[in-house]
Structures are given as C-alpha cells and as structure tokens.
Amino acid sequence: MGRPIVFLTDFGEGSIFVGEMKGVILKINPNAKILELTNSIRPQNVFQAAFLLKYSYKYFPKNTIFLCIVDPEVGSERKPIVVKSSNYYFIGPDNGLLYPAAFSDGIKFVVLIENKKYFLEKVSYTFHGRDIFAPVAAYISKGVPLKNFGPTVSSIRDLVFEEPTFDENGCLVCRVMYIDSFGNVVTNLEEPKFYSLLFKYNLTKTSNLYIFVGQKLYEVKMVKYYCEVGEGSPLALFNSFGLLELSINKGNASEYFSLKEGDVVKIRFFK
Amino acid sequence: MGRPIVFLTDFGEGSIFVGEMKGVILKINPNAKILELTNSIRPQNVFQAAFLLKYSYKYFPKNTIFLCIVDPEVGSERKPIVVKSSNYYFIGPDNGLLYPAAFSDGIKFVVLIENKKYFLEKVSYTFHGRDIFAPVAAYISKGVPLKNFGPTVSSIRDLVFEEPTFDENGCLVCRVMYIDSFGNVVTNLEEPKFYSLLFKYNLTKTSNLYIFVGQKLYEVKMVKYYCEVGEGSPLALFNSFGLLELSINKGNASEYFSLKEGDVVKIRFFK
Amino acid sequence: MGRPIVFLTDFGEGSIFVGEMKGVILKINPNAKILELTNSIRPQNVFQAAFLLKYSYKYFPKNTIFLCIVDPEVGSERKPIVVKSSNYYFIGPDNGLLYPAAFSDGIKFVVLIENKKYFLEKVSYTFHGRDIFAPVAAYISKGVPLKNFGPTVSSIRDLVFEEPTFDENGCLVCRVMYIDSFGNVVTNLEEPKFYSLLFKYNLTKTSNLYIFVGQKLYEVKMVKYYCEVGEGSPLALFNSFGLLELSINKGNASEYFSLKEGDVVKIRFFK
Numbered sequence: 001m002g003r004p005i006v007f008l009t010d011f012g013e014g015s016i017f018v019g020e021m022k023g024v025i026l027k028i029n030p031n032a033k034i035l036e037l038t039n040s041i042r043p044q045n046v047f048q049a050a051f052l053l054k055y056s057y058k059y060f061p062k063n064t065i066f067l068c069i070v071d072p073e074v075g076s077e078r079k080p081i082v083v084k085s086s087n088y089y090f091i092g093p094d095n096g097l098l099y100p101a102a103f104s105d106g107i108k109f110v111v112l113i114e115n116k117k118y119f120l121e122k123v124s125y126t127f128h129g130r131d132i133f134a135p136v137a138a139y140i141s142k143g144v145p146l147k148n149f150g151p152t153v154s155s156i157r158d159l160v161f162e163e164p165t166f167d168e169n170g171c172l173v174c175r176v177m178y179i180d181s182f183g184n185v186v187t188n189l190e191e192p193k194f195y196s197l198l199f200k201y202n203l204t205k206t207s208n209l210y211i212f213v214g215q216k217l218y219e220v221k222m223v224k225y226y227c228e229v230g231e232g233s234p235l236a237l238f239n240s241f242g243l244l245e246l247s248i249n250k251g252n253a254s255e256y257f258s259l260k261e262g263d264v265v266k267i268r269f270f271k
Numbered sequence: 272m273g274r275p276i277v278f279l280t281d282f283g284e285g286s287i288f289v290g291e292m293k294g295v296i297l298k299i300n301p302n303a304k305i306l307e308l309t310n311s312i313r314p315q316n317v318f319q320a321a322f323l324l325k326y327s328y329k330y331f332p333k334n335t336i337f338l339c340i341v342d343p344e345v346g347s348e349r350k351p352i353v354v355k356s357s358n359y360y361f362i363g364p365d366n367g368l369l370y371p372a373a374f375s376d377g378i379k380f381v382v383l384i385e386n387k388k389y390f391l392e393k394v395s396y397t398f399h400g401r402d403i404f405a406p407v408a409a410y411i412s413k414g415v416p417l418k419n420f421g422p423t424v425s426s427i428r429d430l431v432f433e434e435p436t437f438d439e440n441g442c443l444v445c446r447v448m449y450i451d452s453f454g455n456v457v458t459n460l461e462e463p464k465f466y467s468l469l470f471k472y473n474l475t476k477t478s479n480l481y482i483f484v485g486q487k488l489y490e491v492k493m494v495k496y497y498c499e500v501g502e503g504s505p506l507a508l509f510n511s512f513g514l515l516e517l518s519i520n521k522g523n524a525s526e527y528f529s530l531k532e533g534d535v536v537k538i539r540f541f542k
Numbered sequence: 543m544g545r546p547i548v549f550l551t552d553f554g555e556g557s558i559f560v561g562e563m564k565g566v567i568l569k570i571n572p573n574a575k576i577l578e579l580t581n582s583i584r585p586q587n588v589f590q591a592a593f594l595l596k597y598s599y600k601y602f603p604k605n606t607i608f609l610c611i612v613d614p615e616v617g618s619e620r621k622p623i624v625v626k627s628s629n630y631y632f633i634g635p636d637n638g639l640l641y642p643a644a645f646s647d648g649i650k651f652v653v654l655i656e657n658k659k660y661f662l663e664k665v666s667y668t669f670h671g672r673d674i675f676a677p678v679a680a681y682i683s684k685g686v687p688l689k690n691f692g693p694t695v696s697s698i699r700d701l702v703f704e705e706p707t708f709d710e711n712g713c714l715v716c717r718v719m720y721i722d723s724f725g726n727v728v729t730n731l732e733e734p735k736f737y738s739l740l741f742k743y744n745l746t747k748t749s750n751l752y753i754f755v756g757q758k759l760y761e762v763k764m765v766k767y768y769c770e771v772g773e774g775s776p777l778a779l780f781n782s783f784g785l786l787e788l789s790i791n792k793g794n795a796s797e798y799f800s801l802k803e804g805d806v807v808k809i810r811f812f813k
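Chains as they are written, first to last, in the numbering used here: chain A, 1 to 271; chain B, 272 to 542; chain C, 543 to 813.
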C-alpha cells in the first residue's frame, strides 16, 4: 500500500482539479491510498491552510505525504518544495503553507523540486498541482528517495502565528484563527497558556470570561462541552485543537458575535 | 481489506474533522477502506441523519461499519454505543440516530463503549468522533470483538418516524422527511401503504393526486419517472427510497411548493 | 485491485445517492477502487458534464471506468450504454454526455446495457445510477466482458462543442464553456487555433487582447500565469485545459466581467 497521500487544497469540494490530481497519482502508483484533509480552504488563503495543517497533521500515520496546494503565485518564481520532518512529508509551494506544521513536527531537511523527469510531460503554467506536485507525491509514495527530486535548500519561507498579548488595559488580545462549519470561533489562545494566566490571576477554571468584541462586552460561561449551557447561549471552551473557542450551544457563534477570521477578541479575566 | 467503514456526519463536506477521523483510522488500520455516505447532515439534525441512514444502509456490503456522528450532546452523559444488527455495525452516540436503521435490520445486541484502551490517549470534550468513535471503528474493522469495548446494554434511545394518518376531512396527512439536492420533496408515505389506499378508494395508479400545501390545492400527475410530464410541471412518484416524492421535471419542487423538511402535505384521493 | 471507477454526477457533493452507489459497487467488488472526478455538475447539465469529462479523462490510468450520471430523462426510453474507447470505459445514459470524451479518445464500440442479470434485483424508475449503472461498472471492474451486458449498437447521440468563429466585424466569437470554483472564465478557444490567428494577424504573443462582453470593451493583458499582473487586475491565459481563460489575479473573473456559462465573449486582435 505504501505511504498515504493526503490532499489539502483551495480547489473547492467537487473540483475536477482534485479529480485530475487523483488520476495523475493513480497512473504512477496504482496502489496509492489517497485521502482528503480538505479542499475547502478559502481561495488563495495560505494562512488558513497553514493553520489547519498545523493542528491536524499529527492525527495521520507516520510517513503520510501531505500534498498542499494553495498556490496564488503558481507559474512565478516561487519554488516547489518537499519538506521532510521527523514523521511526515509535506509537499507544496514554498509560500509559508508548510512551515508551521513541519516546524512543529521538527524539520529534517528540505528538497527543491527540480528534476523534470518526475513531472508530467507537458507542464502548464497554472496547475502545478496536477503537473508537478501530484506526480512527485506519487513517486514519493512509491519510495523514490527525496534526493532524486532536486538539491536540498537551507531555508524556506516561514509563517509564524501571532501569540495572544496583553494590551494597556490588561486585556488579553486574541486573534480569530478559524471559523468552522458550525460557526464556532477558534482563537489563537492555547490551553496551557490560559491555565498559566488563570494561575497568575488566581482564578478557578469555572470562572466566566469577559470578552470584548469591538466595544461590546459579553460575559461568557467557561465550560468543557457545548451542551453545558442552554440552547442558544454563548460559551467558551478549549476545543479539539486545544485552542480557546467561542460557541453557541446549537447555534452559530460567528453570526452571534459578528466575528470572522482575522478579527480580534479581547479577554478580560476580572469583572 | 476487512470491513468497510462508512461515515455519516454533520461536519460538512470538506470539513477537516472528517479528515482527522480518517487519519486516526488509518493509523490503527492502514488497510481500512473508508467511504462517505454523507457529511452534509444539517448541523445537529439527528432526525435527518437517522432518516437517511435507514433508507441507505442496505445498499452496503454485509459487515459494513457505519460511523455516525451527529452529536449535539458530545461531552455530556449521553453514551457512546455500538449496535450490532443482523448484517451491520452501527457506531455513534446513543441519541436515536442509529435506531431506525438498526431496528429495521434487526438489532442483535448493543455494546456501551467504555474501554479507554481503544480511545485516543487524550480525549477532548468536544470531538468524540475523532477521539473515541473513529478509533473504535478502526479496531472493529480489524476484527476486535465487540465485547472488548464494554458491557452490553439492554435498551437504547429510540426514534420512530411518524406514519401518515387521516385527518377529519379524509385527507392523508404526510410529513416532509427530506429535501434532496435537486429540491425533490420526499414524504413519509411508503409505496405499499399507498397501493392499499388506492385499492380501498377503488382508484387506478394513473390517477392524479390532489395535494394541499397549507390552504393551497394542487393537482399533481402521478407518474413513474420525472420526464413523463413537461419541463417545469409538477409530478409525484415513488422514488428510489420507495417513498412518495413531489418533484418538478427539471425544476425544484421545494421552491415550487414552498416546502421544507418537517412540513405537512395533505393528500386527497378524490377531486 | 482492477480498474478504477471514477464518478461524474450532478448529485452534489455529499449526496447520499453517491454514497449508495459506492455501497452497491463494493457489494459486487469489495476491492473496487472508487474515485470522484466531481459530483458537482449543475443539476441536469449534460453539457457541463460532457465538457469537463472531455478535458479530464486523459489524466486517469488506462482502463479507468468513468461512471457518468447526469440523467434528466431517467426512466424514459433513453438508453443506458457503455462506450469502449481506445483506452477507457465510459458508462452512462445515451444523452450526449459520453460522446466528446470517447470520441476524442477514439470510440471502439458501444454496448447497450440490457442484461438484467447485472442489475440490482429491484430497479427503481428514478435512480438508474444505483440500480443499473453502478452494478454494471462494478462488474466491468471485475473483468466481466462487455458483450455480456447486451448487444452492440452502431450509433449514439452526439454532442459537438461549438468552435469559435469570426463575426462580420472581424471579432472572434468565443463561448464561455465553464466557470471554475475560483470564478475563472474558461472559453472554447484552443491554444493552437489562437497561435494560428496570431500568425495570421502578424501579432506577437505578448500583445494585449481586446475583448467585448456585450457592448463593453476591455483591454486584457495576455500572460502565462496569474500573478504576472497586479492583484485585482484582469488577465487572459491558456489554462490547464489548453483553453483561453479570463481571470483576475486573486479575484473572481466571472463577477468582474458579469459572465456565466453559455455567454459569448468577442475577441478583437487589433486596437
């Protein structure tokens, strides 16, 4: 069976571009195991893709090959690369997308994809996913050594996610990283940091949070799971990524709070 | 290859939660065959999931494992279960979702999922699909006996679909169970019951139906397939679930009749 | 493993009809390799399906079985067929859908699907995808010879895509064939024809294009890849299908030009 290949793209669910990439892979490796992490990255949103990859990669088997195509600069000088980390392979354009996940797993080395022998015969200017990245992923899944694809490089473009910081009023300034399909609002506040802050402010975990969205203040109950509050009520919890999430029990928090990805949420620990 | 695992969730197509569950399964069983029945159940709509599962399960091979995650009460006291029916395995929360399908296939026994040995090491409060249900499905696909997961239980939460009934005016009161992606309106009237009623009223199958949507009366042609009527014309037929469906040839019946899931449609057999 | 089966339908992503078809196939061939080209064809749009199939099929392995269900006349007299081309199998209704791809690959022979032995026991009037086409695809993937399914036929319904032509003012009249998920506008102008026209008019490839959408004239830069122009600027290029495409760098060309599938775009080669 070999190493599974996992897609992460902005082509949209049901895109025939995804279908074509699968065809290309199967032509090279008829036994390839192809999965989709998601093809619903918002068009050209490298940030969103990098975020979701960072918080998902570790659930896949060792040696999984992540084929990541969010590539607004396709055809230009941006480089196609393979990042070998401690446990995985990450393939995609060198635009920051692969960095947070690979860095978190431990980057071993990076190969620049240059050897045309492993490309489709005719390479388009607009779809390297099909013509370069998919065939390279297929060859890696068959065990072709990474050195065959090109030289190693000593640096790649990084992308570092902002950490929450305190403002002049003692509020913790968090960023909305992701809105999921239920409308849950996922922030950049990780659980260990939160506990340290609770400790510092001498609060118990069951305390409510006071959050500012713009000038508006909300008191939000801090819970473990969604249905601890009544239907339609707001809540905050640490979600399955280990990040602080604002939610509405059986509702849509993104709409409730009028929050979208990239927005700021401020948390105050005292009334 | 073993037993296929079929997903039925409300995570949305392209949800990375679906992707993570696949990763978890492959880590445990690299040869797992994973399929998707649908991930497009409307958020938290246990009823819709139960309906679609009931009318679809039998098309899958014997011993298929249905992994069903529509779980608004995740984290609370609701129980994770495996239902073994005559031919299948149904895994999910004990909230009624699994009941209609398993009952229809014949429930053999039910196991409460308790043995943490088969969970992910760290179980979140919000995503048991990934942390409990997916690993259990993977172990079942590898042949781990059900008794290993926990004790059997003697009852589960049921969910029984309403049957059509007659009102005081002699109209058959049907419920809209499902609107499909073409806008077809699927009711709860099964074909054998309909034939019995035709017989009772001494009607032939080619008769038109008189249907009330609210106060409005429509005369609808009863046909076998969609293009028996002109484009844009309404029709009724027994669909591939064996249920009465209202449709518009090359059109959208849900919009035409202003009907949505849960609404009532009344059928009169005489002018 | 055998021959892969590739779905092309208008059922919508996440449709349970797609799920049921997979179940039916696996019951017959537990080792079937099922892929999706797309299930997002616009409802009943045979033209769009035929177009995407024509420009995608060749990326799949030899002997791939394309299971194509866009079937507004299901249940009527339209015929279920298998087209054997030089390298592939195309299964679907005889409504033109299969023609452009099969013709381009070279049609060898066509079999009418008649032998009920290969159907599901109970065939509905509305879902031949599940009850006839999916089982036939599964049997072909197992190696059942085509002659077993029915007699050969000497003609099928064709569907020929319009070629660009010149109007009385010397403008090249192109048709919008497809809008992709990024909003890129794909026309019916193939690259070789374009070059011949450039040669005829003695123009260089870097020339700008003058395009009319309705009465409105745009000057559009002709480039190789999207980010050769500034963000939000219009461009034209030959895309991964080898067709002229109008695009906006990091934007949506369909919205920018108010163009939809089927519309006309006129190209003038001189200012």
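Every residue gets a Cβ at the ideal spot worked out from N, C-alpha and C, and that includes glycine.
Best match in the options for proximity to residue i [C-alpha to C-alpha]
i	options	result
Gly793 (chain C)	C:Phe783, C:Val727, C:Leu751 and C:Tyr743	C:Val727
Glu532 (chain B)	B:Gly485, B:Arg446 and B:Leu468	B:Arg446
Leu460 (chain B)	B:Lys387, B:Gly285, B:Glu433 and B:Tyr527	B:Glu433
Val715 (chain C)	C:Val560, C:Val616, C:Val806 and C:Pro585	C:Val806
Phe166 (chain A)	A:Ser15, A:Glu77, A:Lys54 and A:Arg268	A:Arg268
Glu36 (chain A)	B:Ile287, B:Arg313 and B:Asn366	B:Ile287
Ile248 (chain A)	A:Ser240, A:Phe257 and A:Gly242	A:Phe257
Lys147 (chain A)	A:Asn239, A:Val111 and A:Cys171	A:Val111
Leu197 (chain A)	A:Gln44, A:Ile179, A:Asp10 and A:Cys171	A:Cys171
Phe331 (chain B)	B:Phe470, B:Glu348, B:Pro422 and B:Arg274	B:Arg274
Glu168 (chain A)	A:Tyr118, A:Lys266, A:Gly75 and A:Asn239	A:Lys266
Ser155 (chain A)	A:Phe11, A:Gly23, A:Lys79 and A:Phe51	A:Lys79
Phe512 (chain B)	C:Lys763, C:Ile623, C:Ser666 and C:Leu745	C:Ser666
Glu619 (chain C)	C:Val702, C:Tyr660 and C:Glu656	C:Glu656
Leu243 (chain A)	A:Pro145, A:Asp180 and A:Asn202	A:Asp180
Glu265 (chain B)	B:Ile482, B:Ala524, B:Tyr481 and B:Phe483	Residue numbering for chain B in the displayed model covers 272 to 542; residue 265 (chain B) lies beyond these limits and cannot be assessed.
Arg699 (chain C)	C:Leu609, C:Tyr630, C:Thr606 and C:Gly634	C:Gly634
For residue j and residue i, the rounded distance between their alpha carbons
i	j	result
Glu663 (chain C)	Asp673 (chain C)	8 angstroms
Ala574 (chain C)	Met563 (chain C)	12 angstroms
Lys355 (chain B)	Lys569 (chain C)	19 angstroms
Cys227 (chain A)	Ser233 (chain A)	9 angstroms
Met719 (chain C)	Gly756 (chain C)	17 angstroms
Glu761 (chain C)	Ala236 (chain A)	52 angstroms
Asn750 (chain C)	Gly19 (chain A)	33 angstroms
Phe589 (chain C)	Gly285 (chain B)	26 angstroms
Ser628 (chain C)	Tyr496 (chain B)	34 angstroms
Ile312 (chain B)	Ala320 (chain B)	6 angstroms
Phe549 (chain C)	Pro43 (chain A)	25 angstroms
Asn366 (chain B)	Phe51 (chain A)	33 angstroms
Asp530 (chain B)	Lys200 (chain A)	Here residue 530 (chain B) turns out to be Leu, not Asp, going by the sequence shown. Each residue's Cα considered, the two are about 56 angstroms apart.
Pro239 (chain B)	Ile547 (chain C)	Outside the shown range of chain B, which is 272 to 542, sits residue 239 (chain B), and nothing can be said about it.
Partner residues on chain C for residue i, Cβ-Cβ distance less than 9 angstroms
i	result
Val136 (chain A)	Result: empty, since nearest Cβ-Cβ is about 15 angstroms, beyond 9 angstroms.
Within chain B, partners of residue i - CB distance below 7 angstroms
i	result
Lys224 (chain A)	Gly346 and Tyr396
Lys564 (chain C)	Leu306
Lys193 (chain A)	Neighbours of Lys193 (chain A) on chain B: none; closest Cβ ~17 angstroms, over 7 angstroms.
7 angstroms Cβ cut-off: residues of chain A touching residue i
i	result
Pro519 (chain C)	This structure cannot settle anything about residue 519 (chain C), because the visible part of chain C is limited to 543 through 813.
Leu579 (chain C)	Ile16 and Gly19
8 angstroms Cβ cut-off: residues of chain B touching residue i
i	result
Ile682 (chain C)	Under the 8 angstroms cutoff, chain B gives no residues; its nearest Cβ is about 18 angstroms from Ile682 (chain C).
Pro61 (chain A)	Gly294, Leu297, Lys298 and Pro301
Residue i: CB within 6 angstroms of a non-hydrogen atom of the ligand GTP
i	result
Glu797 (chain C)	This structure does not include the ligand GTP; it has no bound ligands of any sort.
Contacts that residue i makes with chain C (C-beta to C-beta distance below 8 angstroms)
i	result
Glu439 (chain B)	Chain C residues near Glu439 (chain B): none, gap ~33 angstroms exceeds 8 angstroms.
- In chain order, which beta strand (DSSP E) runs of at least 3 residues are fully inside the stretch 736-794 of chain C? At a cut-off of 3 residues, the continuous stretches assigned as beta strand (DSSP E) that sit fully inside the stretch 736-794 of chain C are 751-755, 758-764, 776-780 and 785-790.
- Task: Would you check if the stretch 68-76 of chain A and the stretch 137-148 of chain A touch, i.e. whether three or more CB-CB distances between them fall below 8 angstroms?
- Result: Counting Cβ pairs under 8 angstroms, fewer than three are found: no touch.
- Message: For the stretch 580-598 of chain C against the stretch 632-643 of chain C, do three or more pairs of beta-carbon atoms, one drawn from each stretch, fall closer than 8 angstroms, so that the two count as touching?
- Response: Touching, per the Cβ criterion.
- 4 or more residues per run - each alpha helix (DSSP H) lying fully within the stretch 596-654 of chain C: Qualifying alpha helix (DSSP H) stretches, in chain order: 641-647.
- Task: Output the residue ranges of the alpha helix (DSSP H) runs that lie fully inside the stretch 113-152 of chain A and measure 4 residues or longer, sorted by chain position.
- Result: Entirely contained in the stretch 113-152 of chain A, the alpha helix (DSSP H) runs reaching 4 residues are, in chain order, 134-141.
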